[in-house]
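Report on the following structure.
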Amino acid sequence: MNEIWSKYIQGIKTLYSSRKLRFDDMFSEQYKSFFGFDENKPIKILEVGCGPGALAEALHRWYPLAEITAIDRDSNFICYAKENVHGVNFLEGDATSLPFDDNSFDVTISNTVSEHIEPTKFYGEQRRVLKPNGVCIVLSSRKGINISPKCFTYNKFEQEFRNKVNQFDNTLNDYSVCKYPMSEAELPLAMQKYGFDYVSTGYATVDLTPDAPKYKAEMAHDMINSIRYCSLESIESVLNTMPEHFTEDEVSKMKQIVNERFDSRIADYDAGKKYWETNLSIIMMIRGTKI
Ligand SMILES: C[S@@+](CC[C@H](N)C(=O)[O-])C[C@H]1O[C@@H](n2cnc3c(N)ncnc32)[C@H](O)[C@@H]1O
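Residues in the sequence shown are numbered consecutively from 519, following this note's numbering.
In structure tokens form, the structure reads like this:
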């Protein structure tokens with residue numbers, strides 16, 4: 519049983535809620551026009567490093583005829599996805615030795631995974647399982663805009679909690695997170711280098727600004743709560759990553775403060791008070807073909 523990512527790095531709700539927004543149908547045209555798949559054909563798609571399954575779920579909505587398989591090595595993500603996401607075949611497995619025959623898929627796709635896996639293996643395995651003329655798509659988050667609402671100010675207890683996290687957190691090194699980062703120029707070069715032709719790039723932008731009138735209340739709440747879940751799960755994770763530095767009481771006090779703050783932000787939203795906080799994600803898309 520592998521629980522490294524979900525226990526120490528990013529929790530289920532953090533990934534599922536943020537990706538559900540990122541791959542909302544409101545933004546789908548940007549992805550679909552870049553992917554260029556034929557919606558009328560029963561293509562076979564493999565998602566590599568699927569986490570709790572929000573991209574696979576979106577792919578199932580966008581390409582209802584496709585046969586979608588999604589793989590991740592974290593058992594908790596796969597368990598969650600199997601229970602909550604329908605129409606996709608989820609399985610636990612390693613992207614560096616995919617449990618599929620050569621030439622099995624028309625498409626391989628991943629979101630924010632390439633930077634964590636050694637590229638010879640990341641691209642090599644996808645190339646192996648792709649059919650001739652199969653397409654590899656890599657989605658990679660780039661630097662966006664993240665502005666918190668003005669009403670979020672930290673008290674002394676929180677500041678000390680955060681300082682302690684900054685001082686003792688070594689999670690990224692301990693688990694080789696983002697060990698293979700690449701720039702916007704290096705990503706397409708890597709796809710070429712590891713055996714793909716007709717490489718092209720594009721960018722999708724996802725504007726999550728709850729106060730923007732184009733978003734209905736339900737989506738605005740989801741945006742605010744997505745940040746809440748990320749905050750709560752990162753607080754909880756200190757008991758796994760730095761147990762010698764935090765007590766259960768400190769963690770539960772911190773969670774209470776965070777919950778109250780987000781409850782109050784939602785109440786302000788419902789009362790029509792605007793803060794114009796924003797999270798703008800820029801997602802680079804790289805596409806290559808196996809000849
Ligand atoms: C940043 S998360 C992204 C998850 C998902 N794609 C999403 O956007 O929600 C990176 C994912 O890659 C998975 N992962 C990392 N190395 C892996 C490997 N060698 N094989 C399979 N999955 C891997 C992790 O378990 C984690 O779910």
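Virtual Cβ for every residue (Gly too), placed ideally from N, Cα, C. No experiment lies behind these values; they were computed from the predicted model shown.
Going by DSSP in three states, Asp686 sits in which element: helix, strand or coil?
Sequence index remark: in the sequence shown, residue 686 carries index 168 (1-based). Contrary to the premise, residue 686 reads as Phe rather than Asp in this sequence. Residue state for Phe686 is assigned as helix, using DSSP reduced to three classes.
Paired residues, beta bridge with Thr587 - DSSP:
The residue given as residue 587 occupies position 69 in the sequence shown. Partner residues in the beta bridge of Thr587, as assigned by DSSP, are Leu564 and Asn607.
From the DSSP output, in three-state form, read off Thr671 for me.
Mapped onto the sequence shown, residue 671 falls at position 153. Secondary structure of Thr671 (DSSP, three-state): coil.
Smallest Cα separation from Lys596: which of Ala785, Met519 and Asp543?
Mapped onto the sequence shown, residue 596 falls at position 78. The sequence given here places Ile at residue 596; Lys does not occur at that position. Shortest Cα-Cα distance from Ile596 to any of Ala785, Met519 and Asp543 involves Met519.
Length at least 4, wholly inside the stretch 610-653: the alpha helix (DSSP H) runs in chain order
Counting only runs of 4 or more, we get 637-647.
Proximal residues to Asn758 (C-beta, below 6 Å), its chain only, five neighbours per side dropped:
Translated into positions along the sequence shown, residue 758 becomes position 240. If we look at Asn758 and ignore the five residues flanking it on each side, its Cβ neighbours are Lys525 and Tyr526.
Would you say Tyr641 and Met700 are within 9 Å of each other, going by their C-beta atoms?
In the sequence shown, counting from the first residue as 1, residue 641 sits at position 123. In the sequence shown, counting from the first residue as 1, residue 700 sits at position 182. For Tyr641 and Met700, no; Cβs fall outside 9 Å.
Is the stretch 574-582 touching the stretch 633-650, taking contact as three or more C-beta pairs under 8 Å?
Segments in contact, no.
Are the beta-carbon atoms of Gly567 and Asn629 separated by less than 9 Å?
To locate residue 567, count along the sequence shown from 1; it is residue 49. To locate residue 629, count along the sequence shown from 1; it is residue 111. Going by beta carbons, Gly567 and Asn629 fall inside the 9 Å limit.
Status (buried if at least 16 other CB within 10 Å, exposed otherwise) for Ile530:
Indexing the sequence shown from 1 puts residue 530 at position 12. With 16 or more Cβ atoms within 10 Å of its Cβ, Ile530 is classed as buried.
For Ala613, verify whether its CB is less than 8 Å away from any heavy atom of ligand 1.
Numbered from its first residue, the sequence shown carries residue 613 at position 95. It does: the Cβ of Ala613 is within 8 Å (strictly closer) of some heavy atom of ligand 1.
Give the C-beta separation of Ile801 and Ala722 to the nearest angstrom, bearing in mind that I take them to be a contact with Cβ-Cβ under 8 Å.
The residue given as residue 801 occupies position 283 in the sequence shown. The residue given as residue 722 occupies position 204 in the sequence shown. Between Ile801 and Ala722, the beta carbon gap of about 5 Å places them in contact (Cβ cut-off 8 Å).
Given the structure, does Ser770 come close to ligand 1, in the sense that its CB is under 8 Å from one of the ligand's heavy atoms?
Mapped onto the sequence shown, residue 770 falls at position 252. No, Cβ of Ser770 sits at least 8 Å from all heavy atoms of ligand 1.
Taking the C-alpha atoms as reference points, what is the distance between Ala703 and Val647?
Position 185 of the sequence shown, counted from the first residue, corresponds to residue 703. Position 129 of the sequence shown, counted from the first residue, corresponds to residue 647. Approximately 26 Å between the Cα atoms of the pair.
Residues in the same chain with beta-carbon distance under 6 Å from Cys654, minus the five sequence neighbours each way, listed in chain order, please.
As a working mapping, residue 654 is identified with position 136 in the sequence shown. Closer than 6 Å at the Cβ level, and outside the excluded window around Cys654, lie Thr626, Gln644, Phe714 and Gly806.
Give every residue of the same chain whose Cβ lies closer than 6 Å to the Cβ of Pro706, excluding the five residues on either side of it in the sequence, and list them in chain order.
On the sequence shown, residue 706 is found 188 positions in, with the first residue counted as 1. Excluding sequence positions up to five before and after Pro706, its CB lies within less than 6 Å of the CB of Val717, Thr719 and Ile804, all in the same chain and listed in chain order.
Provide the residue(s) that pair with Tyr721 in DSSP beta bridges, ordered along the chain.
As a first step, residue 721 must be located in the sequence shown, where it is residue number 203. Looking at the DSSP output, Tyr721 bridges to Met802.
Check Ile665 in the structure and name its three-state DSSP category.
Here residue 665 refers to the residue found at position 147 when the sequence shown is read from its first residue. The answer is strand: DSSP assigns Ile665 an E or B state.
Are the Cβ atoms of Lys562 and Ala576 separated by less than 9 Å?
Residue numbering aside, residue 562 sits at position 44 when the sequence shown is read from its first letter. Residue numbering aside, residue 576 sits at position 58 when the sequence shown is read from its first letter. Against a cut-off of 9 Å, the Cβ pair of Ala576 and Lys562 comes out as no contact.
Is the beta carbon of Ile663 less than 9 Å from the beta carbon of Leu539?
Residue 663 sits at position 145 when you count from the first residue of the sequence shown. Residue 539 sits at position 21 when you count from the first residue of the sequence shown. In this structure, Leu539 does not lie closer than 9 Å to Ile663 by Cβ.
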